[in-house]
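Colleague: Residue numbers (our numbering), protein chains in the order written: chain A, 3 to 296; chain Y, 3 to 296.
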């Protein structure tokens, strides 16, 4: 895909492309799954969604989420938990989905993503437990005390693609996303962390693909970890990531706020909130992760 | 158990009773599981942990957590997610545990609790995905911006057993717990909700049993739902409940703060924070639940 297309304004992203005529988005191409048997899907973990060799956990979760969505009768993930077991590598993978229950308004499945080692051993990478619903079927009433994070306009935030070339070379996921960070939250990148342990910014796909509930599964794991703002650096391996999808997002980039409040015993939590252009809280995420050594 | 014992100060609870001499606590008795085959446990859902006929979801999660703890090599739940599928009833149940991965510092299992219908059909009640660790093995460093909730002293809070007799008759769980509520949070009980959607109070077992990581699995689901404070009432059925256990609790009652920030599409989230007497954040919980109709 040409660089000019990547740099296109994600705010102009329109409806889901027509599967028969429009080219697949990078996200749809790289999370595609092919059913090979009942409850069993083949896929390929792409090499474009990594940072320093670690495949993004949100991307993997969305990929498994697609296989779950092809299995359950309800279209939208309502609450999805992924436990990350071993580090995946780009290449072929198998996803197995087991339906746990099909109810009238909710349905539940477990899923497992595995890869086969060079010696032929099948190794599980992540295990998922997901409950789906139809987000268009609920009542319209909203009662909320949650406040949309105060983030400068998309144009006034810092593109992640402005990172140093030596970082970008090993962080291809940055080119898949048109993520932008609140200038107040990027001090860590130049050695001046704020100490607040917060990341605020915008999430969008670089090729303008709209963010739907499936894509929301990765949003809480797609910006730099909030603990970088404490002056810590290095890999922050996710142990578990739970996402609640609360509404269908309106078009346009999404406001994301990540916060870590407690680092203890070598572990930390990271809470994510995702807001759409209509000012609705569309997803909440929480992960438990290993604290980086740095 | 005599009423005088129930009313004993839970702050005097000492170490875990010696299994050979001390009587089992109510919690240990009612969450006991018996292994009947590899990965398969028998248990009995007690009738003392219900509110208006609905068995408490936190109690069920702790019961399944006990079977998981008997299976995995690491002693303490680090992150446990339960999806509630169908409404259980007091009586026999079977828990099946499958080990997903055993690592050096973490291990993961799934578990399922089922009951058999009168017509002989086995029905699944909840599905659990759990990762365990050894909470004593991590580094001592704590970096936190989380602030302990400001709750009046245990003695100055309102015992849940002061509820009207017609409520207590159908809420036997109140007698298992020595829970107390911040007087500021109980206006809903007399028809004057604050509108803040918060519940703050103390959690302890009525018989003085210390709260350990297993018991923490129920803490985020053991006080009145925070949406009662919005003037809503009725059953708030949990769809999914995730608990992170962050530290071993010090002895004594625990401060609990529950908050709901967003009710939309007929669903709501409820976040729980649990603090011990040493001022440490020992657990964080989040649930997705159906909003009550009331």
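C-beta: ideal position from N, C-alpha, C; glycine also.
Could one say the Cβ of residue 276 of chain Y lies closer than 7 Å to chain A's Cβ atoms, at least one of them?
Modeller: For residue 276 of chain Y, the answer is no, since every Cβ of chain A falls outside 7 Å of its Cβ.
Colleague: Taking 7 Å as the CB-CB cut-off, is residue 117 of chain Y touching chain A?
Modeller: No, because no Cβ of chain A sits closer than 7 Å to the Cβ of residue 117 of chain Y.
Colleague: If I measure Cβ to Cβ from residue 282 of chain A and keep anything under 6 Å in the same chain, skipping five residues before and after, which residues do I get?
Modeller: Taken in chain order, the residues that qualify are 249.
Colleague: To be precise: take each residue of the region 240 to 272 of chain Y, compare its Cβ to all Cβ atoms of chain A, and keep it if any distance is under 9 Å. Which residues remain?
Modeller: Under the 9 Å Cβ criterion, the region 240 to 272 of chain Y contributes 241, 242, 244, 246, 248, 249, 261, 262, 263, 264, 265, 266, 267, 268, 269, 270, 271.
Colleague: By the criterion of Cβ-Cβ separation under 8 Å, what are the contact partners of residue 126 of chain A in chain Y?
Modeller: Neighbours of residue 126 of chain A on chain Y, chain order: 102, 103.
Colleague: Would a C-beta distance cut-off of 7 Å place residue 35 of chain Y and residue 84 of chain Y closer than the cut-off?
Modeller: No, these two residues do not count as a Cβ contact at 7 Å.
Colleague: Going by other Cβ atoms of all chains shown within 10 Å of its Cβ, with 16 needed for buried, is residue 164 of chain Y buried or exposed?
Modeller: With fewer than 16 Cβ atoms within 10 Å of its Cβ, residue 164 of chain Y is classed as exposed.
Colleague: Distance cutoff 7 Å, beta carbons only. Does residue 8 of chain Y sit that close to anything in chain A?
Modeller: The pLDDT assigned to residue 8 of chain Y is 36, lower than 50, so where the model puts this residue is not dependable; a value taken from the coordinates is nonetheless given after this. Residue 8 of chain Y does not count as touching chain A.
Colleague: Using the Cβ count rule (16 or more neighbours within 10 Å means buried), how would you classify residue 194 of chain A?
Modeller: Exposed, since its Cβ has fewer than 16 Cβ neighbours within 10 Å.
Colleague: Looking only at DSSP bridge pairs, what is residue 201 of chain A linked to?
Modeller: Answer is A:260.
Colleague: Taking any Cβ of chain A, which residues in the region 74 to 100 of chain Y have a Cβ under 7 Å from it, in chain order?
Modeller: Going along the region 74 to 100 of chain Y in chain order, one finds 80, 81, 83, 85, 87 with a Cβ nearer than 7 Å to chain A.
Colleague: Taking only runs that begin and end inside the region 34 to 79 of chain A, name each unbroken beta strand (DSSP E) of 3 or more residues, in chain order.
Modeller: Those beta strand (DSSP E) runs which fall completely within the region 34 to 79 of chain A and span 3+ residues are 35 to 39, 42 to 47.
Colleague: If contacts are defined as beta-carbon pairs under 8 Å, then residue 98 of chain Y and residue 41 of chain Y qualify, I think. What distance do you get, rounded to the angstrom?
Modeller: The Cβ separation is near 6 Å, so the contact holds.
Colleague: Roughly how far, in whole angstroms, is the beta-carbon of residue 202 of chain Y from the beta-carbon of residue 147 of chain A, given that I think they are within contact range, below 8 Å?
Modeller: The pair is not a contact, with the Cβ atoms about 15 Å apart (cut-off 8 Å).
Colleague: The beta strand (DSSP E) that contains residue 113 of chain A, what's its start and end?
Modeller: 109 to 118 is the span of the beta strand (DSSP E), which, as asked, contains residue 113 of chain A.
Colleague: Considering residue 149 of chain Y, what are the terminal residues of the alpha helix (DSSP H) in which it resides?
Modeller: Element bounds for residue 149 of chain Y: n/a, residue is neither H nor E.
Colleague: For residue 179 of chain Y, which residues in the same chain have their Cβ closer than 8 Å to its Cβ, ignoring the five residues on either side in sequence?
Modeller: Result list for residue 179 of chain Y: 162, 205, 206, 207, 208, 224, in chain order.
Colleague: Rounding to the nearest angstrom, what Cα-Cα distance links residue 7 of chain Y and residue 29 of chain Y in this structure?
Modeller: Residue placement at residue 7 of chain Y cannot be trusted, given a pLDDT of 35 that sits under 50; what the coordinates show is reported in the next sentence. Residue 7 of chain Y and residue 29 of chain Y: Cα-Cα distance of roughly 15 Å.
Colleague: So, does the CB of residue 295 of chain Y fall closer than 7 Å to a CB anywhere in chain A?
Modeller: Not one chain A Cβ lies under 7 Å of residue 295 of chain Y.
Colleague: What is the residue span of the beta strand (DSSP E) that residue 217 of chain Y lies within?
Modeller: Premise fails: residue 217 of chain Y lies in the alpha helix (DSSP H), 215 to 221, not in any beta strand (DSSP E).
Colleague: Opposite residue 156 of chain A in the DSSP bridges: which residues?
Modeller: None; residue 156 of chain A has no bridge partner.
Colleague: Can you find a CB in chain Y that lies within less than 7 Å of the CB of residue 213 of chain A?
Modeller: No, residue 213 of chain A does not count as interfacial toward chain Y.
Colleague: Which residues in the same chain have their Cβ closer than 6 Å to the Cβ of residue 265 of chain A, if we skip the five residues on either side of it in sequence?
Modeller: For residue 265 of chain A, where only same-chain residues beyond five positions count, the Cβ hits under 6 Å are 293.
Colleague: Take residue 279 of chain Y as the anchor and find which of Y:291, Y:251, Y:81 has the nearest alpha-carbon.
Modeller: Ranking Y:291, Y:251, Y:81 by Cα distance to residue 279 of chain Y puts Y:251 first.
Colleague: CA-CA distance, residue 270 of chain A and residue 212 of chain Y?
Modeller: Near 25 Å, if we compare the C-alpha coordinates of residue 212 of chain Y and residue 270 of chain A.
Colleague: When you compare each of Y:65, Y:81, Y:73 to residue 92 of chain Y by their alpha carbons, which one comes out closest?
Modeller: The residue with the shortest Cα to Cα distance from residue 92 of chain Y is Y:65.
Colleague: If you draw a straight line from the alpha carbon of residue 117 of chain Y to that of residue 215 of chain Y, how long is it in whole angstroms?
Modeller: So the alpha carbons of these two residues sit roughly 26 Å apart.
Colleague: From the beta carbon of residue 202 of chain Y, is the nearest beta carbon of chain A less than 7 Å away?
Modeller: So, not an interface residue.
Colleague: Along the chain, where does the beta strand (DSSP E) containing residue 290 of chain A start, and where does it finish?
Modeller: Residues 283 to 292.
Colleague: Go to residue 269 of chain Y, then tell me how far its beta strand (DSSP E) extends in each direction, as first and last residue.
Modeller: Unbroken beta strand (DSSP E) run through residue 269 of chain Y: 269 to 277.
Colleague: Please report whether the beta-carbon of residue 369 of chain A lies at a distance below 7 Å from any beta-carbon of chain Y.
Modeller: With chain A running from 3 to 296 in the structure shown, residue 369 of chain A is simply not present.
Colleague: Sort out for me which residues DSSP pairs residue 82 of chain A with in a bridge.
Modeller: DSSP output for residue 82 of chain A lists A:132, A:245 as bridge partner(s).
Colleague: Does residue 295 of chain Y pass the burial test, meaning 16 or more other C-beta atoms within 10 Å, or should it be called exposed?
Modeller: Classification for residue 295 of chain Y: exposed.
Colleague: At 8 Å on the CB atoms, spell out the chain B contacts of residue 140 of chain A, in chain order.
Modeller: Although the question refers to chain B, the structure presented lacks it and instead comprises the protein chains A and Y.
Colleague: State the start and end residues of the unbroken beta strand (DSSP E) segment that holds residue 94 of chain Y.
Modeller: Residue 94 of chain Y -> beta strand (DSSP E) spans 93 to 104.
Colleague: Relative to the C-alpha of residue 242 of chain A, which residue among A:182, A:115, A:82 is closest?
Modeller: Looking at the Cα atoms, A:82 is the closest of the given residues.
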